[in-house]
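A.B. asks:
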Amino acid sequence: MSPLPAAIEQAIEWHARRSSGAFDTVDQQRFQRWLEADPGHGEAWNSLQQRLQQRLSPLSGPATRQALQAPRTSRRSLLRGALALGGMATCAHLLSRPGMPLSGWNADFRTATAERQHLVLADGSRLLLNAETAIDVELSETMRSVTLIEGSLIAEAPAQERPFRLACRYGEARLSAGRCLLEIRDKAAHLWMLEGESTLYSLGEDVQLMAGQGAQLDANGLHILPASPVDPAAWSRGLLEVHDQSLKTVIERLRPYHPGVLQVAENAAELRISGVFNLDDSEKALQALADILPLRIARYLGWWTRIEHA
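As structure tokens, this is what we get:
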């Protein structure tokens with residue numbers, strides 16, 4: 001698990017303290033001083049509270065007090081345990097996902113679990129954000145720029161003199177007009193040109209992409225992808241199309257549409273699967289997987305789902 005940014009970790013600890021039943025006037029004064037010490041503290045606190053209100057139940061009880069009474073050297077791990085035991089395992093799960101914990105929390109636009117969102121920018125560009133996607137947008141006199149922080153999107157840029165820039169941490173594409181899809185995976189990004197053409201840049205390299213072509217960008221640069229046997233934009237219609245993919249990969253694609261924690265055991269992760277699944281009904285999709293593969297699906301406390309080899 002990547003280490004938490006200090007402000008986020010401190011915000012989690014303060015939330016645990018405030019919910020422990022042992023929070024007094026002195027603690028309140030210390031909390032207020034912490035909030036006022038740095039603008040980033042307030043931003044981290046507000047972001048955490050918004051997440052909890054949207055997705056999680058309150059934290060309370062013995063697990064919290066146990067975490068707070070532990071030595072500081074072990075408090076981080078115990079706090080994460082308290083989060084889970086107190087009904088906040090979903091938060092811990094979000095914080096442990098690839099990339100920076102709570103990445104995109106201050107993005108210009110972001111979508112929630114199981115949410116797709118259409119956007120029309122001031123320049124007339126149209127965006128479709130997939131579930132759990134975060135972007136920043138910058139429009140200037142010389143450039144139209146969209147940066148994908150996490151998730152995936154489809155961008156349709158009308159023809160203008162200003163180039164349209166679609167970027168992520170691994171590189172960027174520039175086009176005068178066209179329609180393309182960009183998605184960030186574990187340690188790479190995939191870009192597919194759906195209509196038109198673009199120039200892709202990464203680590204000093206550049207390549208021209210035509211309609212129907214795709215490329216991968218990662219820490220080593222970029223390379224052209226083979227033609228996809230499935231529609232990479234199927235999620236825009238609420239579908240997950242896969243061809244000879246590992247179950248681990250399928251679950252990664254399904255996870256942004258599933259409330260709570262969705263986990264696949266190592267003994268099932270490399271099972272291969274082909275098919276079309278309904279993203280908008282993740283429970284039905286899981287059942288369809290279990291009908292095809294030798295799987296056992298276990299559910300705990302209503303929000304933790306674990307998939308194992310039967």
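Per full-length UniProt numbering, the very first residue in the sequence shown carries number 1; after that it's consecutive.
Ideal placement from N, C-alpha and C gives every residue a C-beta, glycine not left out.
Keep in mind that this is a model prediction, so the values were computed, not measured.
Could you work out which residue in Lys248, Gln263, Arg144, Ala155 is closest to Leu128 when comparing CA atoms only?
C.D. replies: Selected option, being the one with the closest Cα: Ala155.
A.B. asks: According to the Cβ coordinates, are Leu148 and Leu121 closer than 8 Å?
C.D. replies: Taking 8 Å as the Cβ cut-off, Leu148 and Leu121 do not qualify as a contacting pair.
A.B. asks: Going along the chain, which residues of its own chain have a beta-carbon closer than 7 Å to the beta-carbon of Glu205, five neighbours each way excluded?
C.D. replies: Answer for Glu205: Gly221, Leu222, listed in chain order.
A.B. asks: Among Gly196, Glu195, Leu200, which one has its Cα closest to the Cα of Ser189?
C.D. replies: According to the sequence as given, residue 189 is Ala; it is not Ser. Closest option to Ala189, Cα to Cα, is Leu200.
A.B. asks: Near Leu166, which residues of its chain fall below 6 Å by C-beta distance, leaving aside the five closest residues on each side in sequence?
C.D. replies: Here the set comprises Val146, Ala155, Ala173, Leu182.
A.B. asks: Pull up the distance between the alpha-carbon of Thr113 and that of Asp291, whole angstroms please.
C.D. replies: Distance between the alpha carbons of Thr113 and Asp291: 25 Å.
A.B. asks: Can you tell which of Lys187, Asp186, Asp218, Gln213 has its C-alpha closest to the C-alpha of Gly171?
C.D. replies: When each option's Cα is compared against that of Gly171, the closest is Asp218.
A.B. asks: Within the continuous alpha helix (DSSP H) that includes Leu279, where are the two ends?
C.D. replies: Note, Leu279: premise wrong, no alpha helix (DSSP H); not H, not E.
A.B. asks: Ignore the nearest five residues each way along the sequence and tell me which others in Gly151's own chain have a CB closer than 6 Å to its CB.
C.D. replies: Once the five neighbours on either side are set aside, the close Cβ partners of Gly151 are Asn130, Glu132, Thr133.
A.B. asks: Below 8 Å on the Cβ atoms is my guess for Val264 versus Trp303; work out the distance and round it to an integer in Å.
C.D. replies: Actually they are not in contact, since the Cβ atoms of Val264 and Trp303 sit about 16 Å apart, beyond 8 Å.
A.B. asks: On the criterion of 16 or more Cβ atoms from any shown chain inside 10 Å, does Ile135 qualify as buried, or is it exposed?
C.D. replies: Buried, since its Cβ has 16 or more Cβ neighbours within 10 Å.
A.B. asks: Please state if the CB of Leu293 and the CB of Leu279 are separated by a distance shorter than 8 Å.
C.D. replies: Cβ distance not < 8 Å, so Leu279 and Leu293 don't count as in contact.
A.B. asks: According to the Cβ coordinates, are Leu175 and Ser198 closer than 8 Å?
C.D. replies: Taking 8 Å as the Cβ cut-off, Leu175 and Ser198 qualify as a contacting pair.
A.B. asks: I believe Ser274 touches His243 by the beta-carbon criterion, under 8 Å. Please report the beta-carbon distance rounded to the nearest angstrom.
C.D. replies: That belief holds up - the Cβ atoms of Ser274 and His243 are roughly 5 Å apart, short of 8 Å.
A.B. asks: Do you know offhand how far Glu308's Cα is from Tyr300's?
C.D. replies: Computed Cα separation, rounded: 14 Å.
A.B. asks: Along the chain, where does the beta strand (DSSP E) containing Gln263 start, and where does it finish?
C.D. replies: Run containing Gln263: 261-264, per the beta strand (DSSP E) assignment.
A.B. asks: By the DSSP assignment, the alpha helix (DSSP H) with Glu138 in it spans what residues?
C.D. replies: Counting along the chain, Glu138 falls outside any alpha helix (DSSP H), though it belongs to the beta strand (DSSP E) covering 134-139.
A.B. asks: Using a Cβ-Cβ cutoff of less than 8 Å, which residues in the same chain neighbour Pro232 once the five nearest sequence positions on both sides are dropped?
C.D. replies: Result list for Pro232: Leu181, Glu183, His190, Trp192, Gly214, in chain order.
A.B. asks: Go ahead and pull the three-state DSSP assignment for Val26.
C.D. replies: Reduced to three states, the DSSP call for Val26 is helix.
A.B. asks: Measure the C-alpha to C-alpha separation of Ala44 and Val137 and round it to an integer number of angstroms.
C.D. replies: Roughly 21 Å separates the two Cα atoms.
A.B. asks: Within a Cβ cutoff of 7 Å, which residues of the same chain sit near Gly238, ignoring the five residues on either side of it in sequence?
C.D. replies: Closer than 7 Å at Cβ, skipping near neighbours: Asn278, Leu279, Asp280.
A.B. asks: From Gln66 to Met143, what distance separates their C-alpha atoms?
C.D. replies: With a pLDDT of 47 at Gln66, under the threshold of 50, the modelled position of that residue is not reliable, and the figure given next carries that caveat. So the two alpha carbons sit approximately 53 Å from each other.
A.B. asks: Along the chain, where does the alpha helix (DSSP H) containing Thr113 start, and where does it finish?
C.D. replies: Note, Thr113: premise wrong, no alpha helix (DSSP H); not H, not E.
A.B. asks: Can you give me the start and stop residues for the alpha helix (DSSP H) that Gln252 sits inside?
C.D. replies: A small fix is needed here, since residue 252 is Glu in this sequence, not Gln. From DSSP, the alpha helix (DSSP H) with Glu252 extends over 247-254.
A.B. asks: State the beta-bridge partners of Glu205 as determined by DSSP.
C.D. replies: In DSSP, Glu205 forms a bridge with Ser202.
A.B. asks: Taking 6 Å as the limit between beta carbons, can you name the residues of its chain near Glu241, skipping five residues before and five after?
C.D. replies: Contacts found: Val230, Asp231, Ala234, Val276.
A.B. asks: Among the candidates Arg185, Ala177, Gly40, whose CA atom is the shortest distance from the CA of Pro158?
C.D. replies: Of Arg185, Ala177, Gly40, the residue nearest in Cα terms is Ala177.
A.B. asks: Shortest alpha-carbon distance to Gly196 belongs to which of Met210, Lys187, Arg255?
C.D. replies: Here the closest residue by C-alpha is Met210.
A.B. asks: So for Gly178, helix, strand or coil by DSSP?
C.D. replies: Gly178: strand per DSSP, three-state reduction.
A.B. asks: Buried or exposed: which applies to Ala310, given that a residue is buried once 16 or more other Cβ atoms fall within 10 Å of its Cβ?
C.D. replies: Under this definition Ala310 is an exposed residue.
A.B. asks: List the endpoints of the continuous beta strand (DSSP E) containing Ala167.
C.D. replies: From DSSP, the beta strand (DSSP E) with Ala167 extends over 164-168.
A.B. asks: Might you give, ordered along the chain, the residues of its own chain that have their beta carbon closer than 6 Å to the beta carbon of Arg179, omitting 5 neighbours on each side?
C.D. replies: Contacts found: Glu156, Leu194, Glu195.
A.B. asks: Nearest-angstrom Cα distance between Phe164 and Arg110?
C.D. replies: The straight-line gap from Cα to Cα measures roughly 20 Å.
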